[in-house]
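Novice:
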Amino acid sequence: MDLPEYTQWQPLSVYSIQSLLGKLDWILAGGIALEQFLGYTYRPHGDIDILIKREDQSLLKNYISSERIFVADGQGHLLPYQSETYYTHPIQDIWILDETHISWCLQIMLIDIKNSCWVYKRNTQVQLPYTDIFFEKDRLKILKPEIQLLYKSKAIRGKDQLDFEKVFPQLAPTAKQYLQNSLTICYGDNHPWLQTK
Numbered sequence: 000m001d002l003p004e005y006t007q008w009q010p011l012s013v014y015s016i017q018s019l020l021g022k023l024d025w026i027l028a029g030g031i032a033l034e035q036f037l038g039y040t041y042r043p044h045g046d047i048d049i050l051i052k053r054e055d056q057s058l059l060k061n062y063i064s065s066e067r068i069f070v071a072d073g074q075g076h077l078l079p080y081q082s083e084t085y086y087t088h089p090i091q092d093i094w095i096l097d098e099t100h101i102s103w104c105l106q107i108m109l110i111d112i113k114n115s116c117w118v119y120k121r122n123t124q125v126q127l128p129y130t131d132i133f134f135e136k137d138r139l140k141i142l143k144p145e146i147q148l149l150y151k152s153k154a155i156r157g158k159d160q161l162d163f164e165k166v167f168p169q170l171a172p173t174a175k176q177y178l179q180n181s182l183t184i185c186y187g188d189n190h191p192w193l194q195t196k
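Taken in order, the sequence shown gives residues 0 to 196; the numbers are from numbering that gives the first Met the number 0.
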């Protein structure tokens, strides 16, 4: 099968994801999650991201046909999903084709849970109880903005910087402190976002 280019997207709406995934436990992530926190849209979005627990990956085939599921191997390739395989770290990204197989429609990121705590993929010292990494709005679980900004902090693109500038001033003091502490753990004192108070 010839796959679409990585940039060829027709992202699902949030409500389409709810319909598609039924009772699967998932969290809205990415720039759209940040806009849900702010309550308004400030930039276009080419894709849509959600998080699921790594242990729930085998449930995907109950909701999406296997031929639409592809796994990012970490080397720049998307490989067909093998339903009998349990994908362990560092595999973390799953891409979903739309029903026409012409475009990508959803990116699913696997998160690791240890002792009921979310473990940050880039530094296992950064952890939080799973129930503390999201807030709920309109019956949606949405990744907390300080966690989403942490995910965006490694290789800052223009849109990531814009997200930071829009969102950081609106964070509660405890959320700002959590992000800054996490950045310090991951990068020392040199991260550019540590210069903003």
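Backbone N, C-alpha and C fix where the C-beta goes; we use that ideal spot for every residue, glycine too.
Quick caveat: nothing in here was measured; it's all calculated off a predicted structure.
Just reading off the alpha helix (DSSP H) that D159 is part of, what are its end residues?
Specialist: G157 to V166
Novice: Could you tell me how far apart the beta carbons of A174 and P144 are, in whole angstroms, since I believe they sit closer than 8 Å?
Specialist: 7 Å
Novice: Using a Cβ distance threshold of 8 Å, determine whether the segment 89-107 contacts the segment 2-10, with at least three qualifying pairs required.
Specialist: yes
Novice: When the Cα atoms are used, what is the spatial distance from N189 to D55?
Specialist: When rounded, the distance between both Cα atoms is 36 Å.
Novice: Could you give the distance in angstroms between the alpha-carbon of G38 and the alpha-carbon of I90?
Specialist: G38 and I90 have their C-alpha atoms some 32 Å from each other.
Novice: Based on the DSSP output, what are the partners of I111 in its beta bridges?
Specialist: In the sequence as presented, Ile is not what sits at residue 111; that position holds Asp. Residue pairing for D111: DSSP places it in a beta bridge opposite V118.
Novice: Check V70 in the structure and name its three-state DSSP category.
Specialist: When DSSP states are grouped into helix, strand and coil, V70 belongs to the strand group.
Novice: Please confirm whether I51 and G29 have their CB atoms less than 8 Å apart.
Specialist: no
Novice: Given P3, which residues of its chain have a CB within under 7 Å of its CB, disregarding the five upstream and five downstream residues?
Specialist: The answer, listed in chain order, is I101, S102 and W103.
Novice: Report buried or exposed for K153, applying the criterion of at least 16 other Cβ atoms within 10 angstroms of its Cβ.
Specialist: exposed
Novice: Looking at the structure shown, is D92 part of a helix, part of a strand, or coil, going by DSSP?
Specialist: strand
Novice: Excluding five sequence neighbours on each side, which residues of the same chain lie with their C-beta closer than 6 Å to the C-beta of L96?
Specialist: R67
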